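Some notes on the structure that comes next.
Numbering (UniProt numbering), first residue to last: 1 to 69.
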């Protein structure tokens with residue numbers, strides 16, 4: 001809670017944590033953009049469900065989330 005101009009305002013909210021429900025393994029020639037397109041998702045959503053992924057250092061066999069909440 002915080003006070004603004006004499007009023008108490010609740011700032012309680014929950015930030016959703018990404019949940020991965022489906023993965024694929026990276027294959028030779030794959031890119032983050034290409035995988036996102038293949039699974040019909042925006043780059044923004046792809047980044048949300050793959051928060052620790054470094055798209056500049058993909059490696060064959062690496063698991064990539066392709067669906068989630």
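Built from N, CA and C at the ideal position, the CB exists for glycine as well. All of these numbers come straight from a predicted model, not from anything done at the bench.
Residue(s) in a DSSP beta bridge with residue i
| i | result |
| --- | --- |
| residue 55 | Residue 55 is not bridged to any residue. |
| residue 30 | BP columns for residue 30 are empty, so no partner. |
Given residue i as reference, the closest of the options once Cα atoms are compared
| i | options | result |
| --- | --- | --- |
| residue 26 | 69, 68, 58 and 67 | 58 |
Pairwise C-alpha distance: residue j and residue i
| i | j | result |
| --- | --- | --- |
| residue 21 | residue 55 | 20 Å |
| residue 48 | residue 65 | 10 Å |
| residue 69 | residue 19 | 5 Å |
| residue 40 | residue 7 | 45 Å |
| residue 28 | residue 46 | 19 Å |
| residue 38 | residue 44 | 15 Å |
| residue 42 | residue 67 | 11 Å |
| residue 63 | residue 53 | 10 Å |
Environment of residue i [buried if 16+ CB atoms lie within 10 Å]
| i | result |
| --- | --- |
| residue 50 | buried |
| residue 35 | buried |
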